Structure formats: structure tokens, C-alpha cells
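Some notes on the structure that comes next.
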């Protein structure tokens, strides 16, 4: 009887040991899989972060390339053509066949073209980095930009600001300035707008609205159309987002934020 009891006890111990062994294996496998899952998620997160940073970098590079192309085009259209005109007029001054009266007229023309060239070079330099933005900040730079357009009498821009731009870094101030500069340019060149309203709230949102001819937003290519490639890239670089609201004959509106 004692032998039977002893055998049953040994059997129970054996079963219990085997059971604990399998439980241990299950626990170890669960821990290994859980750690692998966490590790895989961390790797996936890092891959997504790297991919996002790469996309931002690519968009920034594209924006810079577009900016360089625009500057090159301005140099070609304004400076280069003016210098060519100055050169051609200089040949007249050099020629012995040119009369004194003709030389006087040519000198006057050269002076006018030279002044125009100086103005164009200042404008290009201003577009590269507005001195007012550097010295006095975004609010003053926007006021100067608005005054420049309003003084023409062809366009009326109203700006209402409840945002503290001083809390933003230099790069975001530049992005916001460039975005509005591009939007105003589009409103004038493409939208035929006469009135523009710009509003900044205290939650870092900007609403831009014009009374131009508008367009079909469904046909807009955000990567190439109407300068929206630069606008979109700048908003992305600020970790922001935007919403368009425009219809043919009903003006244009965009709301974007800058976190």
C-alpha cells in the first residue's frame, strides 16, 4: 500500500514538474514574443520618423530649388535685359557718328535704365530676405508688404493680427511671410482680386481670403499649380495643415496653421 501511495506521489510530482516546465516555456515564449513585438514597433516607429524627416528634407530642397529658379528668372528678366540695353546704348555713346543731341538722349536713357536696374536688384535682394523682417520682425514686415500693395491703388489688403509672432522662431516667421507673399501674388496675377483679408488668431491659425475669380479646387495640383508647391512645403515644414475653400467666380480662401 505504501508503495502504491509512493508511486502515486512520484507520478503527481512528475506531472506537476512537467506542467510547470511547459508553463515556463509558454511564459518564456510569451515574453520573447512580447519583447520582439515592442522591438519591432520601435523599429517601425524609427523607420516612419526617418521617412518623414526624409520627405520634409526633400520638400525643403524642392522649395529651395524653386526659389533659386525664381531668382534666376528675375535676374534674367530684369537685370540681364537692362544690362544688355545699357551695353547697346553705350555703343552709341562710343560711336563718332552719334550726334551730340543723340548722345544726350542716350545718356538720359542709360541713367533711367541704370536706376531701373538698381531698383530691380533691390527688389530681388528684398525677396531673398526682407530687411524689415530681419530687423523688426514679421508684423512690421507684413505691414510693409501690405502698404506696398495698398499704395498702388489697385488692391486693398486688410490685416488683423491677434498672434504673438515673437513666440515663433525665425524660420517660421520667414515661412509665414513667404506664404502670404505667394498668396498675394497669386491673387493679383491669377485671381484678379481687388480686396484681400488676412486674419491671424491667437491659436496660430491664419485665414487668407480674396474676392477674385476663384477656381475649381478639384483640378488644382497641389504639387505644381499656382505656386502651391512652395506653400504646401512651407506649411509641412511648420508641421501645419491647411484647408482650401474656393469656387469659380466666388473668390479664394485658405486657412493654415503653424504649430
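Numbering (the UniProt record's numbering), first residue to last: 1 to 259.
Where is the CB? At the ideal position from N, CA and C, for every residue including glycine.
In this text the structure is predicted, and so the values were computed from the model without any measurement.
So for residue i, helix, strand or coil by DSSP?
i           : result
residue 228 : helix
residue 40  : helix
residue 98  : coil
residue 154 : coil
residue 30  : helix
residue 215 : coil
residue 143 : helix
residue 109 : helix
residue 210 : strand
residue 190 : coil
residue 50  : helix
residue 86  : helix
residue 250 : coil
residue 267 : The chain is shown from 1 up to 259; residue 267 falls before or after that span and cannot be answered.
residue 19  : helix
residue 256 : strand
Assuming residue i contacts residue j under a Cβ cut-off of 8 Å, what Cβ separation, rounded to an integer in Å, is found between them?
i           : j           : result
residue 133 : residue 177 : 6 Å
residue 184 : residue 121 : Not a contact, Cβ separation roughly 22 Å.
residue 192 : residue 230 : With 8 Å as the limit, residue 192 and residue 230 do not qualify as a contact, their Cβ atoms being about 21 Å apart.
Closer than 8 Å to a non-hydrogen atom of the ligand NAD - does that hold for the CB of residue i?
i           : result
residue 159 : This structure lacks the ligand NAD, and indeed carries no ligand of any kind.
By Cβ distance, which residues of its chain are closer than 7 Å to residue i, with the 5 residues on each side in sequence left out?
i           : result
residue 205 : 255 and 257
Alpha carbons only, please: which of the options is nearest the one belonging to residue i?
i           : options              : result
residue 69  : 92, 51, 110 and 124  : 124
residue 187 : 46, 211, 36 and 172  : 211
residue 170 : 150, 138 and 145     : 138
residue 228 : 180, 91 and 193      : 180
residue 103 : 207, 113 and 92      : 92
residue 152 : 136, 172 and 194     : 194
residue 66  : 34, 240, 232 and 198 : 232
residue 163 : 201, 22, 44 and 108  : 201
residue 168 : 197, 196 and 203     : 203
Got a sec? Which residues, its chain only, sit under 8 Å from residue i by beta carbon, not counting five neighbours each side?
i           : result
residue 175 : 234, 235, 237, 238 and 258
residue 143 : 159
residue 248 : 213, 214, 215 and 216
residue 83  : 117
With a CB to CB cut of under 6 Å and the five nearest residues on each side skipped, what residues in its chain are close to residue i?
i           : result
residue 110 : 86 and 89
residue 253 : 209 and 245
residue 155 : 149
residue 146 : 157 and 159
Segment contact flag, the region 44-58 with the region 87-97, C-beta cutoff 8 Å, min 3 pairs: no
task: Would you check if the region 104-121 and the region 147-162 touch, i.e. whether three or more CB-CB distances between them fall below 8 Å?
output: The region 147-162, when compared against the region 104-121, does not touch it at the 8 Å Cβ threshold.
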